[in-house]
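Peer 1: Just dropping this structure here.
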Amino acid sequence: MIKKRKQLDFTSFPNVIKAMIEDSADAATVIDKLIELKGENTSLATLILLDDMNIRGTQIYSLYKLCEEDIRGFYSAVINMTKEGIDILNQTSAPLSAYKAVFAGTAEDRDKHPEKYIMTALEREKYTYKKSTYNEKKEENTVEKDLYPTIKIQDALKVISKNGFICGYKKEYINNHEKETYRIFYNERGDILQTISQENKDIFLWEDSKLNVMDTKNGINYISYVIELKDHPFQTYNELLNNADSAENFVKTVQLPTIKTVEGIKYKHKNPTYSSSVTSTIYDLLTFETTYQELDNGLKKIFAPLLEIASDLAYDEIINHLNADDGIEIATNLQNILGYSLSKTKLLKAKDRFCEAHGHKTNTEKKRFVSKLMSDDPYTKDMNHRIINVLKHDIEKVTSD
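Here the sequence shown stands for residues 12 to 412, numbered as in my numbering.
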């Protein structure tokens with residue numbers, strides 16, 4: 012038999028939180044985010060509202076997920092709750108909780124009439140069935156026009172194709188015992204869509220999947236806008252293309268998106284740090300000439316400008332980070348992944364470009380390598396010393412498995 016929920020203990024805020032989370036770590040995380048956003052006083056008032064609606068524990072997390080795990084949206088949903096919202100929450104939480112969210116409930120009424128706040132077996136079956144049919148209809152309707160978080164891979168590929176994108180590059184690999192596929196799509200405008208999917212789980216890794224809306228100015232391709240793929244990206248895409256005013260406000264960059272390599276993806280996955288992310292991106296640029304040969308003709312045409320400058324961009328990034336504390340680590344890790352030393356000549360040229368751009372003297376007129384490393388400028392001298400530390404570092408070959 013399901014026990015009725017006890018009244019909140021207002022002798023301390025931690026006591027209220029303990030009762031509201033009902034041993035759910037996910038609910039505790041949501042409340043922590045709420046406190047961080049709104050402070051203790053407003054959070055306490057919000058928790059009282061939730062309790063009056065009989066929303067605790069796993070129901071709190073279910074509501075948070077319905078708000079796309081956005082704490083601001085969660086707070087807004089609580090203070091603006093509707094009967095429809097309560098019904099959707101009950102559909103979502105019915106398989107996880109026997110407690111029923113009530114639109115016009117109060118803690119006092121629950122204490123007097125606990126049966127109103129607990130789902131009967133028939134109600135749980137009804138809500139679970141409604142959720143199932145709702146999701147089936149949603150997927151049936153949505154698959155024809157846009158992507159959404161729970162879409163299956165084959166359905167997503169159909170959506171992408173119907174929106175005018177064709178696949179110009181596909182790479183299958185095993186990452187941490189999971190079969191993954193990296194794809195790059197493009198359309199007639201030259202827009203570029205990158206996706207990574209886990210085949211065994213039939214899902215997309217949305218954080219790593221992006222739609223790059225491109226533009227051209229003076230013959231140079233620009234990334235005008237980056238669209239997250241998790242929910243309704245093509246709706247956003249079409250709105251952007253149809254809104255001239257919005258297009259004028261796009262943030263411009265002068266670089267095409269980097270094409271990932273399997274080695275870079277695996278390295279970043281095994282070492283989830285900022286430095287490793289930078290390392291994998293530079294590695295992708297350094298090996299782009301090889302990757303380019305595997306693209307179809309349409310993608311080759313789009314990425315031809317990057318082919319000409321990828322190496323310089325990579326070495327400029329190395330030197331840019333070599334100026335920071337983690338620069339030597341990034342450069343030596345790059346050599347370990349590559350299995351060979353970075354080019355002395357290209358490092359020095361990139362270093363000279365960097366130092367001159369920052370108003371420091373270099374020895375560009377010198378022809379010998381050692382002579383180029385000599386400098387009276389302390390800043391340039393320090394950069395030269397960092398390059399030496401990188402080049403003399405023993406290479407420890409990194410395996411991608």
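Beta carbons are placed, not taken as given, at the ideal position from N, Cα and C, and that holds for glycine. Every value quoted in this text rests on a predicted model; they were computed, and no experiment measured them.
With distances taken from CA atoms, which of Asn187, Ala115, Asn254 is nearest His280?
Peer 2: The residue labelled residue 280 in the question sits at position 269 within the sequence shown. Selected option, being the one with the closest Cα: Asn187.
Peer 1: Tell me the DSSP secondary structure of Asp166 in three-state form.
Peer 2: Along the sequence shown, one-based indexing puts residue 166 at 155. Helix.
Peer 1: How would you label Glu328, buried or exposed, when you count the other beta carbons within 10 angstroms and need 16 or more for buried?
Peer 2: Walking along the sequence shown from the start, residue 328 turns up at place 317. Buried, because 16 or more other Cβ atoms sit within 10 Å of the Cβ of Glu328.
Peer 1: Since Glu218 contacts Thr192 with CB under 8 Å, what's their CB separation in whole angstroms?
Peer 2: Here residue 218 refers to the residue found at position 207 when the sequence shown is read from its first residue. Here residue 192 refers to the residue found at position 181 when the sequence shown is read from its first residue. Rounded, the Cβ-Cβ distance is 16 Å, inconsistent with contact.
Peer 1: Exposed or buried, which one is Leu60 when buried takes at least 16 other CB atoms within 10 Å?
Peer 2: In the sequence shown, residue 60 corresponds to position 49, counting from 1. Classification of Leu60: exposed, given that the 10 Å Cβ count is below 16.
Peer 1: Given a cut-off of 8 Å, decide if Ile276 and Gly350 are closer than it, judged by their beta-carbon atoms.
Peer 2: To locate residue 350, count along the sequence shown from 1; it is residue 339. To locate residue 276, count along the sequence shown from 1; it is residue 265. No; because the gap between Cβ atoms is not below 8 Å, this pair is not in contact.
Peer 1: Could you compute how far the alpha carbon of Ala167 sits from the alpha carbon of Pro106?
Peer 2: Taking the sequence shown and counting its residues from 1, the one referred to as residue 167 is at position 156. Taking the sequence shown and counting its residues from 1, the one referred to as residue 106 is at position 95. Near 27 Å, if we compare the C-alpha coordinates of Pro106 and Ala167.
Peer 1: In terms of alpha-carbon separation, which member of Glu239, Leu240, Ser104, Met92 lies closest to Met130?
Peer 2: One-based indexing of the sequence shown puts residue 130 at position 119. The shortest Cα separation from Met130 among Glu239, Leu240, Ser104, Met92 belongs to Ser104.
Peer 1: Under the three-state reduction of DSSP, which class applies to Thr391: helix, strand or coil?
Peer 2: Locating residue 391 in the sequence shown gives position 380, where the first residue counts as 1. Thr391: helix per DSSP, three-state reduction.
Peer 1: Tell me whether the beta-carbon of Ile66 lies closer than 8 Å to the beta-carbon of Ala112.
Peer 2: Walking along the sequence shown from the start, residue 66 turns up at place 55. Walking along the sequence shown from the start, residue 112 turns up at place 101. Yes, Cβ-Cβ distance for Ile66 and Ala112 is below 8 Å.
Peer 1: Contact defined as beta carbons within less than 8 Å: I believe Ile398 pairs with Leu358. What is the distance between those atoms, to the nearest angstrom?
Peer 2: Here residue 398 corresponds to residue number 387 of the sequence shown, with the count starting at 1. Here residue 358 corresponds to residue number 347 of the sequence shown, with the count starting at 1. Confirmed, about 5 Å.
Peer 1: Use the C-beta contact count for Arg462: other C-beta atoms within 10 angstroms, 16 or more gives buried, fewer gives exposed.
Peer 2: The first residue shown for the chain is 12 and the last is 412, placing residue 462 beyond what the model contains.
Peer 1: According to DSSP, is Tyr128 part of a helix, a strand, or is it coil?
Peer 2: Position 117 of the sequence shown, counted from the start, is the residue given in the question as residue 128. Looking at Tyr128 - three-state DSSP - the assignment turns out to be helix.
Peer 1: On the DSSP letters alone, give me the boundaries of the alpha helix (DSSP H) that Asn186 sits inside.
Peer 2: For this step, residue 186 is matched to residue 175 along the sequence shown. Not the alpha helix (DSSP H): Asn186 falls in the beta strand (DSSP E), residues 177-186.
Peer 1: Given that a residue counts as buried once 16 or more other Cβ atoms are within 10 Å of its Cβ, and exposed if not, what is Ser208?
Peer 2: Taking the first residue of the sequence shown as 1, we reach residue 208 at position 197. Ser208 is buried by the Cβ-count criterion.
Peer 1: I need the straight-line Cα distance from Leu252 to Tyr236, nearest angstrom please.
Peer 2: Stepping through the sequence shown from its first residue, residue 252 is reached at position 241. Stepping through the sequence shown from its first residue, residue 236 is reached at position 225. Going by the C-alpha atoms only, they are around 11 Å apart.
Peer 1: Quick one, which of Glu95, Thr290, Lys169 has its alpha-carbon nearest Asp337's?
Peer 2: Position 326 of the sequence shown, counted from the first residue, corresponds to residue 337. Closest option to Asp337, Cα to Cα, is Thr290.
Peer 1: Report the option in Ala118, Thr93, Ser352, Gly96 whose CA atom is closest to the CA atom of Asp20.
Peer 2: Your numbering for residue 20 matches position 9 in the sequence shown. It is Ala118.
Peer 1: Reducing DSSP to helix, strand and coil, say where Glu189 ends up.
Peer 2: In the sequence shown, the residue the question calls residue 189 occupies position 178. Reduced to three states, the DSSP call for Glu189 is strand.
Peer 1: Roughly how many whole angstroms lie between the Cα atoms of Lys403 and Asn347?
Peer 2: Translated into positions along the sequence shown, residue 403 becomes position 392. Translated into positions along the sequence shown, residue 347 becomes position 336. In a straight line, the C-alpha of Lys403 is about 13 Å away from that of Asn347.
Peer 1: Does the Cβ of Val262 have 16 or more other Cβ atoms within 10 Å, making it buried, or fewer, making it exposed?
Peer 2: By 1-based counting over the sequence shown, the position of residue 262 is 251. Confidence is the limiting factor: at Val262 the pLDDT is only 43, short of 50, which leaves the residue's position unreliable, though a coordinate-based value still follows. Classification for Val262: exposed.
Peer 1: Along the chain, where does the alpha helix (DSSP H) containing Leu58 start, and where does it finish?
Peer 2: The residue labelled residue 58 in the question sits at position 47 within the sequence shown. Segment 36-63, the alpha helix (DSSP H) holding Leu58.
Peer 1: Below 7 Å, is the gap between the Cβ of Ile313 and the nearest heavy atom of the ligand HEM?
Peer 2: This structure does not include the ligand HEM; it has no bound ligands of any sort.
Peer 1: Any idea what DSSP makes of Lys383, helix, strand or coil?
Peer 2: In the sequence shown, the residue the question calls residue 383 occupies position 372. Confidence in Lys383 is poor, its pLDDT being 48 and thus under 50, which makes the residue's placement too unreliable to answer from.
Peer 1: So, under 8 Å CB-CB, Tyr180 and Leu306 are touching, yes? Tell me the CB distance rounded to an integer number of Å.
Peer 2: Numbered from 1 along the sequence shown, position 169 holds the residue referred to as residue 180. Numbered from 1 along the sequence shown, position 295 holds the residue referred to as residue 306. Indeed they touch by this definition, with Cβ atoms about 5 Å apart.
Peer 1: Grab me the residues of Arg364's own chain with a C-beta within less than 8 Å of its C-beta, minus the 5 sequence neighbours each way, in chain order.
Peer 2: The residue given as residue 364 occupies position 353 in the sequence shown. Excluding sequence neighbours, Arg364 sits near Asp327, Ile330.
Peer 1: In angstroms, rounded to a whole number, what distance separates the CA positions of Lys355 and Ile339?
Peer 2: Stepping through the sequence shown from its first residue, residue 355 is reached at position 344. Stepping through the sequence shown from its first residue, residue 339 is reached at position 328. In a straight line, the C-alpha of Lys355 is about 15 Å away from that of Ile339.
Peer 1: Does the Cβ-Cβ distance between Thr57 and Leu45 come in under 8 Å?
Peer 2: Position 46 of the sequence shown, counted from the first residue, corresponds to residue 57. Position 34 of the sequence shown, counted from the first residue, corresponds to residue 45. Closer than 8 Å, so yes.
Peer 1: Quick one: is Ala321 buried, meaning 16 or more other Cβ sit within 10 Å of its Cβ, or exposed?
Peer 2: The sequence position of residue 321 within the sequence shown is 310, counting from 1. It counts as buried.
Peer 1: Which same chain residues, not among the five before or five after Asn26, have their C-beta less than 8 Å away from its C-beta?
Peer 2: Numbered from 1 along the sequence shown, position 15 holds the residue referred to as residue 26. Result list for Asn26: Leu19, Asp20, in chain order.
Peer 1: List the DSSP bridge partners of Gln209.
Peer 2: The residue labelled residue 209 in the question sits at position 198 within the sequence shown. The partner list for Gln209 (beta bridge, DSSP) reads Glu191, Ile214.
Peer 1: Buried or exposed, going by whether 16 or more other CB atoms sit within 10 Å of the CB of Asn395?
Peer 2: Within the sequence shown, the letter at position 384 stands for residue 395. With 16 or more other Cβ atoms within 10 Å, it is buried.
Peer 1: With respect to the alpha helix (DSSP H) encompassing Gly96, which residues constitute its N-terminal and C-terminal limits?
Peer 2: As a working mapping, residue 96 is identified with position 85 in the sequence shown. Counting along the chain, the alpha helix (DSSP H) containing Gly96 begins and ends at 94-104.
Peer 1: With distances taken Cα to Cα, identify the nearest neighbour of Ile162 among Leu204, Arg194, Phe215, Lys127.
Peer 2: Counted from its first residue, the sequence shown places residue 162 at position 151. Out of Leu204, Arg194, Phe215, Lys127, Phe215 has the C-alpha closest to the C-alpha of Ile162.
Peer 1: Could you pull the DSSP bridge partners for Phe196 from this structure?
Peer 2: Residue mapping note: residue 196 aligns to position 185 of the sequence shown, counting from 1. Beta-bridge pairing links Phe196 to Cys178, Leu204.
Peer 1: Identify, in the order they occur along the chain, each residue of the same chain with its Cβ nearer than 7 Å to the Cβ of Tyr72, setting aside the five sequence neighbours on each side.
Peer 2: Locating residue 72 in the sequence shown gives position 61, counting from the first residue. Excluding positions up to five away in sequence, the list reads Ser35, Asp37, Ala38, Val41.
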